[in-house]
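Chemist:
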Amino acid sequence: MEIFLTLAEELHFARTAERLLVSQARVSQTIKKLERRFGTALFERTSRRVALTPVGRRLRDDIGPAFARIREGIARATEAGQGTAGPLHVGFSGALQGDLALSVQTALRAGNPECEVRLREVPESDPYGLLRSGEADLAIVRFPVSEPDLTAGPVLISDAVMLAVPARHRLARRDAVSAGDLTGESVLPAGSLQETLARVGAGHGVHPVPSQTAVYQTRPTIAFVPYPDAPPAEFGAVWRTAADNARIRAFVAAAAALVRTEGGPAQVCGACRADATSPAPR
1 MEIFLTLAEE LHFARTAERL LVSQARVSQT IKKLERRFGT ALFERTSRRV
51 ALTPVGRRLR DDIGPAFARI REGIARATEA GQGTAGPLHV GFSGALQGDL
101 ALSVQTALRA GNPECEVRLR EVPESDPYGL LRSGEADLAI VRFPVSEPDL
151 TAGPVLISDA VMLAVPARHR LARRDAVSAG DLTGESVLPA GSLQETLARV
201 GAGHGVHPVP SQTAVYQTRP TIAFVPYPDA PPAEFGAVWR TAADNARIRA
251 FVAAAAALVR TEGGPAQVCG ACRADATSPA PR
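Counting from 1, one number per residue, gives the positions in the sequence shown under full-length UniProt numbering.
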């Protein structure tokens with residue numbers, strides 16, 4: 001179809017071949033194959049000129065607009081999959097993840113000014129809901145992620161874990177706690193962050209949290225104690241596999257490059273962490 005329509009426009013076999021980056025023999029063979037299929041000539045050829053026959057003109061008029069729409073559709077699909085222009089909706093599940101997303105937004109826009117990053121908070125109780133509803137293109141959430149419809153990128157944040165305890169708890173003034181110190185303690189199941197911290201502050205139990213929580217969620221009713229026995233809390237980007245596109249890949253690449261410049265996955269700064277781990281007043 002493309003060869004026929006291009007020849008119908010150029011009316012020159014050599015120029016058609018050059019424009020389509022194929023051999024002139026390929027153009028001639030294709031036209032002959034079409035003419036055999038239709039049982040009639042599509043072009044009048046002489047040593048001096050090439051012209052459409054009446055059937056060729058009718059075929060051009062019939063399929064030309066349809067082929068143009070096909071090409072437009074292919075171009076739009078290609079732009080959606082390979083282009084970086086347009087909005088990218090990024091979810092984040094915590095304050096440090098939000099700060100990282102903002103830093104990546106700045107870095108990404110420097111090289112992709114037509115990519116518009118829009119941030120939205122993701123509920124910790126439902127980290128994948130906005131992805132699956134299409135309201136977020138990707139989200140920075142806690143790892144590991146093991147969902148058959150989702151793709152996880154590299155670790156972007158590796159955060160030490162602390163134990164949130166009531167301010168007057170026996171462990172509140174410790175320099176650190178171990179797994180053995182939790183014997184007999186009521187370790188609260190994970191819920192929403194604010195609900196969990198409220199229950200800890202009310203004396204209902206203790207709960208391990210990323211150290212970023214101690215930085216961003218300080219309150220007089222809770223003490224945060226380093227918990228070196230726990231593996232670090234890791235966070236990274238995740239997106240729907242079926243919705244993968246160039247904007248998502250550009251964001252993830254910019255995020256990975258950003259953390260590499262800092263020597264590895266982002267960390268809560270030492271000074272902030274030191275302030276956060278200071279014992280709560282009695």
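Built from N, CA and C at the ideal position, the CB exists for glycine as well.
Across the region 230 to 237 and the region 150 to 162, are there enough close Cβ pairs to call them in contact, namely three or more that are closer than 8 Å?
Modeler: Output reads yes: the region 150 to 162 touches the region 230 to 237.
Chemist: Mind the definition here: the region 189 to 201 touches the region 170 to 178 only if three or more C-beta pairs lie below 8 Å; say whether that holds.
Modeler: Result no; under three Cβ-Cβ pairs closer than 8 Å.
Chemist: I'd like the list of long-range same chain contacts for D181, defined as Cβ closer than 7 Å, with 5 residues on each side in sequence excluded.
Modeler: Taking the sequence shown and counting its residues from 1, the one referred to as residue 181 is at position 181. Within the same chain, D181 has close Cβ partners L171.
Chemist: For L34, which residues of its own chain have a beta-carbon under 8 Å away from its beta-carbon, when the five flanking residues on both sides are left out?
Modeler: Counted from its first residue, the sequence shown places residue 34 at position 34. Correct list, in chain order: F4 and L42.
Chemist: Can you check which of these residues, R69, A242 and V200, is closest to D137 by C-alpha distance?
Modeler: Your numbering for residue 137 matches position 137 in the sequence shown. Among R69, A242 and V200, the Cα nearest to that of D137 belongs to A242.
Chemist: Would you identify the three-state DSSP class for P67, choosing helix, strand or coil?
Modeler: For the purposes of this step, residue 67 is taken as residue 67 along the sequence shown, with counting starting at 1. In the sequence as displayed, the identity of residue 67 is Phe instead of Pro. Note: F67 maps to helix in three-state DSSP.
Chemist: Nearest by alpha-carbon distance to S133: which of R240, T6, V22 and A14 is it?
Modeler: Here residue 133 refers to the residue found at position 133 of the sequence shown. Here the closest residue by C-alpha is R240.
Chemist: Under 7 Å, do V90 and L119 count as touching if we go by C-beta distance?
Modeler: Looking up residue 90 in the sequence shown gives position 90. Looking up residue 119 in the sequence shown gives position 119. Going by C-beta atoms, V90 is nearer than 7 Å to L119.
Chemist: Three-state secondary structure (DSSP) at R136?
Modeler: Taking the sequence shown and counting its residues from 1, the one referred to as residue 136 is at position 136. Per the sequence shown, residue 136 should be read as Ala rather than Arg. Note: A136 maps to coil in three-state DSSP.
Chemist: Is the beta carbon of I140 closer than 7 Å to that of I67?
Modeler: Position 67 of the sequence shown, counting from 1, holds the residue named residue 67. Position 140 of the sequence shown, counting from 1, holds the residue named residue 140. The sequence given here places Phe at residue 67; Ile does not occur at that position. Result no, Cβ atoms of F67 and I140 do not sit closer than 7 Å.
Chemist: What residue ranges within the region 105 to 153 form continuous beta strand (DSSP E) runs of no fewer than 3 residues, ordered along the chain?
Modeler: Correct list: 115 to 121 and 138 to 142.
Chemist: Taking all protein chains shown into account, do 16 or more other C-beta atoms lie within 10 angstroms of the C-beta of H204, making it buried, or fewer, making it exposed?
Modeler: Residue numbering aside, residue 204 sits at position 204 when the sequence shown is read from its first letter. So H204 counts as exposed.
Chemist: I need the DSSP call for L59, collapsed to helix, strand or coil.
Modeler: The residue given as residue 59 occupies position 59 in the sequence shown. It is helical.
Chemist: Chain C beta carbons: is any one of them nearer than 7 Å to that of V225?
Modeler: Absent from the structure: chain C. Only one protein chain is present.
Chemist: When the Cα atoms are used, what is the spatial distance from F13 to I74?
Modeler: Indexing the sequence shown from 1 puts residue 13 at position 13. Indexing the sequence shown from 1 puts residue 74 at position 74. About 26 Å.
Chemist: Helix, strand or coil for L156 per DSSP?
Modeler: Reading the sequence shown from its first residue, position 156 is the one you call residue 156. Here L156 sits in strand by DSSP.
Chemist: Within 10 angstroms of the Cβ of M162, are there 16 or more other Cβ atoms? Answer buried if so, exposed if not.
Modeler: Start at 1 with the first residue of the sequence shown, and residue 162 comes out as number 162. Label assigned to M162: buried.
Chemist: Do A164 and V200 count as a contact pair if the criterion is CB distance below 7 Å?
Modeler: Here residue 200 is taken as the residue at index 200 of the sequence shown, counted from 1. Here residue 164 is taken as the residue at index 164 of the sequence shown, counted from 1. Closer than 7 Å, so yes.
Chemist: Run through DSSP, which three-state label would E185 get?
Modeler: For the purposes of this step, residue 185 is identified with residue 185 of the sequence shown, where counting begins at 1. Three-state DSSP puts E185 in coil, outside helix and strand.
Chemist: Using CA coordinates, which residue listed in I63, R57 and G111 is at the minimum distance from E2?
Modeler: On the sequence shown, position 2 is the one that residue 2 refers to. For the residues I63, R57 and G111, the minimum Cα distance to E2 belongs to I63.
Chemist: If distances are taken between C-alpha atoms only, which option among R19, T6, R37 and P189 comes closest to A51?
Modeler: In the sequence shown, counting from the first residue as 1, residue 51 sits at position 51. It is T6 whose Cα lies nearest to the Cα of A51.
Chemist: Name the residue from P54, G86, F38 and S103 whose alpha carbon lies nearest to the alpha carbon of A257.
Modeler: The sequence position of residue 257 within the sequence shown is 257, counting from 1. Closest option to A257, Cα to Cα, is S103.
Chemist: Could you tell me how far apart the beta carbons of E44 and T30 are, in whole angstroms, since I believe they sit closer than 8 Å?
Modeler: Residue numbering aside, residue 44 sits at position 44 when the sequence shown is read from its first letter. Residue numbering aside, residue 30 sits at position 30 when the sequence shown is read from its first letter. 17 Å between Cβ atoms; not a contact.
Chemist: Apart from the five residues just before and just after R49, which ones in its own chain have a Cβ nearer than 8 Å to its Cβ?
Modeler: To locate residue 49, count along the sequence shown from 1; it is residue 49. Within the same chain, R49 has close Cβ partners L11.
Chemist: Quick one: which unbroken beta strand (DSSP E) runs of 3-plus residues sit fully inside the region 206 to 233? Chain order, please.
Modeler: Counting whole runs of 3 or more residues, the region 206 to 233 contains the beta strand (DSSP E) stretches 207 to 210 and 222 to 226.
Chemist: Could you tell me if D275 is buried or exposed, where buried requires 16 or more neighbouring beta carbons within 10 angstroms of its beta carbon?
Modeler: Here residue 275 is taken as the residue at index 275 of the sequence shown, counted from 1. Here D275 scores only 40 on pLDDT, less than 50, and its place in the model should not be relied on; the value that follows carries that caveat. It is exposed - the Cβ of D275 has fewer than 16 other Cβ atoms within 10 Å.
Chemist: Anyone know if the C-beta pair for L88 and R219 falls short of 7 Å?
Modeler: Here residue 88 is taken as the residue at index 88 of the sequence shown, counted from 1. Here residue 219 is taken as the residue at index 219 of the sequence shown, counted from 1. Not in contact: L88 and R219 (Cβ atoms no closer than 7 Å).
Chemist: Using three-state DSSP, classify residue 327 as helix, strand or coil.
Modeler: Only positions 1 to 282 of the chain appear in this structure, which leaves residue 327 out of reach.
Chemist: Return helix, strand or coil for E9, following the three-state DSSP convention.
Modeler: Looking up residue 9 in the sequence shown gives position 9. Helix at E9.
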